[in-house]
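Mapping to numbering that gives the first Met the number 0: the sequence shown position 123 is 122, numbers consecutive.
Working notes for the structure below.
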Amino acid sequence: MELIIYLAIGAIAGFAAGLFGVGGGLIIVPILYVVFTQMGYDPSVIMHLALGTSLATIMVTSISSMMAHNKNGAVLWPVFKNLAPGLVIGSFIGAGIAGLLSGANLQLIIGLFAVWVAYKMFKGANVMVDQTKQLPSAPMQTVAGGVIGIASAIFGIGGGSLTVPYLNRNGVVMQKAVGTSAACGLPIAIAGAIGFMFFGAKEQINIPNTIGYVHVYAFIGISVMSFITAKFGAKVAHALSPAMLKKCFSGLLVTIGLYFIYQGIMR
């Protein structure tokens, strides 16, 4: 039964990853939070476990999503190369910061962040991207990658919620922003997952089938299914208009955000 739940989470998260370039974390984290709570795990580490496991699964999801977007020529590899060093360093640092925060504080931070991004995205849904704008210099892109990496690890996401708006704002059309964001999810997920395993191991968590803050069975179940469904999400992304994609994206974010704000306040 447990494995079926993880496979179902993976199917939904993988589709979302391909569609929105978000790595699926915004769906995986709240569902895992509910599942781990029902399984009676220690409440003080449930949120950290959901975040660490989410990042571990995004390693697999982002590869599938990235390959699908790359077939459509939607990954800007020079931009990826500039962002990647910052993403890796930032993600590892972010995992350490997350380990210092309480579960309730993490939920409030994630919830407020998701609602803010949703508002910004919806507000600009019908605004045409100003393609005369240029991306900042390579060093500044690396700095931006560091900020995105730190936030992504704290939020347990592949960085799409930050990478997509960042690229959009700097003249990159939505489809290419999503495709490049999908590629950026890989270095974020690898560094973040290693960070959560490393910092979690120091805490000596008394939960079976875990390595630090990563649940092994959940990782396997979600990864297997999400790898398959991410390709379908990417196909749908290229069939939708940029405005519709932004509206769907913001709708998803505001739903998740309000859920986490509610949970954080109630704890």
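Backbone N, C-alpha and C fix where the C-beta goes; we use that ideal spot for every residue, glycine too.
Owing to the predicted nature of the structure, the values given are computational and were not obtained by experimental measurement.
For residue i and residue j, I'd like the C-alpha separation in whole angstroms.
i, j, result
"Gly211", "Asn104", "20 Å"
"Met243", "Gly17", "15 Å"
"Phe267", "Ile153", "Examination of residue 267 is not possible in this model, given that the chain is present from 0 through 266 alone."
"Phe218", "Pro77", "30 Å"
"Met224", "His68", "18 Å"
"Tyr258", "Ile96", "22 Å"
"Phe248", "Pro207", "35 Å"
"Ala238", "Asn167", "19 Å"
"Lys80", "Gly157", "16 Å"
"Asn205", "Phe226", "30 Å"
"Phe121", "Leu6", "31 Å"
"Ile26", "Lys230", "17 Å"
"Leu252", "Gly155", "14 Å"
"Tyr165", "Trp115", "14 Å"
"Gly144", "Val28", "22 Å"
"Gln37", "Lys132", "48 Å"
"Ile92", "Val146", "10 Å"
"Gly250", "Asp41", "31 Å"
"Ala94", "Met46", "12 Å"
"Ser180", "Ser64", "10 Å"
"Tyr118", "Val215", "35 Å"
"Ala49", "Ile187", "16 Å"
"Thr162", "Val171", "11 Å"
Please identify the residue among the options whose C-alpha is closest to the C-alpha of residue i.
i, options, result
"Met0", "Ser249, Gly256, Gly220", "Gly220"
"Val33", "Val215, Gln106, Ile187", "Gln106"
"Phe19", "Thr254, Arg266, Ala192, Ala233", "Ala233"
"Gly263", "His214, Val116, Ser43, Val235", "Ser43"
"Leu134", "Asn169, Tyr165, Phe112, Val163", "Asn169"
"Met66", "Ala182, Thr228, Thr209, Phe14", "Ala182"
"Gly256", "Ile108, Gly39, Ser151, Tyr165", "Ile108"
"Ile8", "Gly178, Thr56, Met265", "Thr56"
"Leu54", "Met196, Gly178, Val172, Leu100", "Met196"
"Ile11", "Gly145, Thr131, Thr60", "Thr60"
"Ser160", "Phe14, Ile4, Gly23, Gly13", "Gly23"
"Ser136", "Val172, Ile149, Gly89, Leu82", "Leu82"
If you count every other CB in all the chains shown that lies within 10 Å of the CB of residue i, and 16 or more means buried, which is it?
i, result
"Pro138", "exposed"
"Gln174", "buried"
"Leu2", "exposed"
"Gln140", "buried"
"Val201", "The displayed chain sequence assigns Lys, not Val, to residue 201. Flag for Lys201 reads exposed."
"Val87", "buried"
"Ser222", "buried"
"Lys151", "Note that residue 151 corresponds to Ser in the displayed sequence, not to Lys. Buried, by the Cβ-count rule."
"Val177", "buried"
"Leu185", "buried"
"Gly191", "buried"
"Ser101", "exposed"
"Thr228", "buried"
"Tyr261", "exposed"
"Gly85", "buried"
"Met58", "buried"
"Gly72", "exposed"
"Val235", "exposed"
"Leu99", "exposed"
If you measure from the CB of residue i, is any heavy atom of the ligand NAP nearer than 6 Å?
i, result
"Ile227", "This structure lacks the ligand NAP, and indeed carries no ligand of any kind."
Length at least 4, wholly inside the segment 110-191: the alpha helix (DSSP H) runs in chain order: For the segment 110-191, whole alpha helix (DSSP H) runs of length 4 or above, ordered along the chain, are 137-154, 159-168.
Runs of alpha helix (DSSP H) lying entirely within the segment 40-93, each at least 4 residues, in chain order: If only uninterrupted alpha helix (DSSP H) runs of at least 4 residues are considered, those enclosed by the segment 40-93 are 42-70.
Segments assigned alpha helix (DSSP H), at least 4 residues, entirely inside the segment 200-253: Counting only unbroken stretches of 4 or more residues, the alpha helix (DSSP H) elements lying wholly within the segment 200-253 are 215-236, in sequence order.
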